[in-house]
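Presented below is the structure to which this report refers.
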Amino acid sequence: MLTSRANGNHRIWEVRTHRAVNYDVRETSDVLDPTNPTLLVGGRGSLRRFVVVDEVVYETRKEKLKAYFEHHGVEARIMPITATEPNKSFELFFQIARELDAFKLNRRNEPIIAIGGGVLSDVVSFVASTYRRGAPCVRVPTTLMGLIDAAIGIKTAVNFDKAKNRIGTFEPPFAAVLDRSWLDTLPMRHILNGVGEIMKLALICDPPQFELLAKEGKEACEDKFVTKGTEIFRRAIDGMLQELEPNLWEENLERATDFGHTFSPMLEMKDVDNLLHGEAVAIDCAFSVVLAAERKLINAATRDRCLGVMTELGLPVWHAMATPELFWDSVEERTAHRDGYQRVPIMTGIGTHKFINDITLDELKSAFKVWGELCGGRVNGHAHAKVHKQSRAAAVAASLEEG
Ligand SMILES: NC(=O)c1ccc[n+]([C@@H]2O[C@H](COP(=O)([O-])OP(=O)(O)OC[C@H]3O[C@@H](n4cnc5c(N)ncnc54)[C@H](O)[C@@H]3O)[C@@H](O)[C@H]2O)c1
Ligand SMILES: [Zn+2]
């Protein structure tokens, strides 16, 4: 309730209100089956939808997608877009906003549908959160990264002037609709990219998940999590939402989910044409494991087990362009992001952690030497592939081949 009070010769009006956050993260299967109504969640009877879809996904599901909306009598404006890290930008934001404006979206009653990976989800959600100051958005992630991370929280973003996710908003989706069957066309490298984030949370918060990854992770990856790896998949979502829900607006800047995200952001942007987000996270995790061992927070056997399981799964644990100075720049940048303190989550065992604020460049330099000795030879075969530069036609062909 609005109150006001005297302040000397002036007045202060105290605006105090709370905004409830309610959204569902819903698992479903075969979301494009016409008998499955989940995709049309939230429309309150409207028969129009603005649908932004990753063009690689569109090429492989064009007919199914059109048939779905036709079956439901929905007038769908389908906008396929190229959504990769180098074009996660305001240019893409404006491109979508223009189309959306031309569609004359009904502001509350026609949820924008975002079908694609984390890049698409972040950009479309950003457009939705700012278009007429907020239109509902249903996120339909089609990558493992999207399913277990990008699409289920409330962050939206574009990169800006080479800074990753520098401009964005906090805005919950209307809903996130999770269907693992999208993954059957996702290239294996992108499956592992998602596993990088799953591993991150396992290492820092979830010992049983680490054991599951060690035991069943490889098989789940081989199956692309389409039918196998259900427990790992659900545990990953559960773990992520457990971390996010009490701290959606990041009022507490000590976040376990920042594991893997302290040293890597600058490396990721430096090698943005080649390195994927989850790969950068895995590389950061591997370095962090070594750092924890150098601090005697974990013993050498635990360190080697962590690195061994990561390598066994095919996660990258080292990168040729990483230097202590680059990692230090990243720590300093993150320190500003975390309001003046490093707040770096560091393992104290498998699945346990604490936060530290006293990392120095000298410490990074000496940990780097050990990291190089342990992991320098273990460069993942993918680490230098020119993924983002391959033509879209080649990407579609590759995904079909792999599918
Ligand atoms: N908002 C958040 O909380 C959050 C969390 C984690 C990651 N992210 C962001 O997510 C992004 C990474 O997302 P990503 O890993 O999904 O990458 P991505 O969105 O670039 O997608 C990866 C590639 O897979 C293709 N693709 C997507 N679905 C496919 C399918 N089913 N079959 C075949 N090909 C398919 C895309 O065209 C793309 O080339 C980063 O920008 C990261 O910052 C955001
Ligand atoms: Zn991440």
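Counting from 275, one number per residue, gives the positions in the sequence shown under the working numbering. For glycine and all other residues, C-beta sits at the position ideal for the given N, C-alpha and C. Nothing here was measured: the structure is a model prediction, and the numbers come from that model.
For the candidate residues the options, whose alpha-carbon lies nearest to that of residue i?
{"i": "I572", "options": "H627, L600, M595", "result": "H627"}
{"i": "P481", "options": "A610, K639, R579, H345", "result": "R579"}
{"i": "C649", "options": "Q616, G588, P619, E606", "result": "G588"}
{"i": "M275", "options": "V289, G347, H284", "result": "V289"}
{"i": "G468", "options": "K436, L477, A431, L421", "result": "L421"}
{"i": "D307", "options": "V331, R406, H345, N548", "result": "H345"}
{"i": "P590", "options": "T358, K474, E637", "result": "K474"}
{"i": "G623", "options": "F484, R335, T609, V555", "result": "F484"}
{"i": "A554", "options": "L541, I386, T404", "result": "L541"}
{"i": "A610", "options": "C495, D435, I286, N631", "result": "N631"}
{"i": "L487", "options": "R407, R335, V583", "result": "V583"}
{"i": "D545", "options": "A341, M595, A431", "result": "M595"}
{"i": "E599", "options": "K336, K639, A530", "result": "K639"}
{"i": "F377", "options": "I286, R335, F343, V325", "result": "V325"}
{"i": "L460", "options": "R279, C495, F444", "result": "C495"}
{"i": "R382", "options": "R440, N439, R335, R318", "result": "R318"}
{"i": "P410", "options": "D423, E384, D435", "result": "E384"}
{"i": "A437", "options": "D423, K489, M543, L379", "result": "M543"}
{"i": "A574", "options": "P520, F601, Y615, W645", "result": "W645"}
{"i": "A560", "options": "I633, M621, E493", "result": "M621"}
State the CB to CB distance for the pair residue i and residue j, rounded to an integer number of angstroms; the pair is presumed to be in contact (CB under 8 angstroms).
{"i": "P539", "j": "S455", "result": "Actually they are not in contact, since the Cβ atoms of P539 and S455 sit about 32 angstroms apart, beyond 8 angstroms."}
{"i": "M353", "j": "E373", "result": "5 angstroms"}
{"i": "G552", "j": "E471", "result": "5 angstroms"}
{"i": "L477", "j": "I465", "result": "With a Cβ gap of about 19 angstroms, L477 and I465 do not count as contacting."}
{"i": "G347", "j": "L321", "result": "6 angstroms"}
{"i": "E586", "j": "A641", "result": "Actually they do not touch by this definition, with Cβ atoms about 23 angstroms apart."}
{"i": "E329", "j": "T356", "result": "6 angstroms"}
{"i": "A530", "j": "C479", "result": "5 angstroms"}
{"i": "V331", "j": "I389", "result": "6 angstroms"}
Hey, would you say residue i sits closer than 8 angstroms to residue j, going by beta carbons?
{"i": "V401", "j": "V451", "result": "no"}
{"i": "P415", "j": "G442", "result": "no"}
{"i": "L550", "j": "F499", "result": "no"}
{"i": "R463", "j": "E528", "result": "no"}
{"i": "F448", "j": "G282", "result": "no"}
{"i": "A635", "j": "V295", "result": "Strictly speaking, residue 635 in this sequence is Leu, with Ala absent from that position. No, Cβ-Cβ distance for L635 and V295 is not below 8 angstroms."}
{"i": "V327", "j": "L339", "result": "yes"}
{"i": "D558", "j": "P619", "result": "no"}
{"i": "D453", "j": "S303", "result": "yes"}
{"i": "Y405", "j": "A371", "result": "yes"}
{"i": "G753", "j": "E445", "result": "With the chain represented from 275 up to 677, any question about residue 753 goes unanswered, as that position is not in the structure."}
Check for me: the alpha helix (DSSP H) holding residue i runs from which residue to which?
{"i": "Y540", "result": "Note that residue 540 is Met in the sequence shown, not Tyr. Residues 538 to 544."}
{"i": "R608", "result": "598 to 611"}
{"i": "K639", "result": "635 to 649"}
{"i": "E525", "result": "Here E525 belongs to no alpha helix (DSSP H), and DSSP marks it neither H nor E."}
{"i": "S399", "result": "392 to 404"}
{"i": "F629", "result": "First-last for F629: 626 to 630, but that is the beta strand (DSSP E), not the alpha helix (DSSP H)."}
{"i": "R617", "result": "Unbroken run through R617: none, as it is neither H nor E."}
{"i": "V583", "result": "574 to 587"}
{"i": "K489", "result": "481 to 496"}
For the beta strand (DSSP E) containing residue i, name the first residue and the last one.
{"i": "W287", "result": "284 to 288"}
{"i": "N439", "result": "437 to 444"}
{"i": "D328", "result": "322 to 328"}
{"i": "A450", "result": "449 to 452"}
{"i": "A554", "result": "Counting along the chain, A554 falls outside any beta strand (DSSP E), though it belongs to the alpha helix (DSSP H) covering 551 to 568."}
{"i": "I234", "result": "For the chain, the structure presents residues 275 to 677; residue 234 sits outside this window and is missing."}
{"i": "D532", "result": "No beta strand (DSSP E) holds D532; DSSP gives it neither H nor E."}
{"i": "E301", "result": "298 to 301"}
Closer than 8 angstroms, CB to CB, is residue i near chain B or not?
{"i": "R463", "result": "Here there is only one protein chain, and chain B is not present."}
### Query
Between the segment 353 to 365 and the segment 385 to 400, do three or more beta carbon pairs fall short of 8 angstroms?
yes
Check your understanding: Any chance the segment 530 to 537 sits against the segment 502 to 510, with 3 or more Cβ pairs inside 8 angstroms?
Key -> no
Q. Would the segment 514 to 524 and the segment 420 to 435 be scored as touching if the rule is three or more Cβ pairs under 8 angstroms?
A. yes
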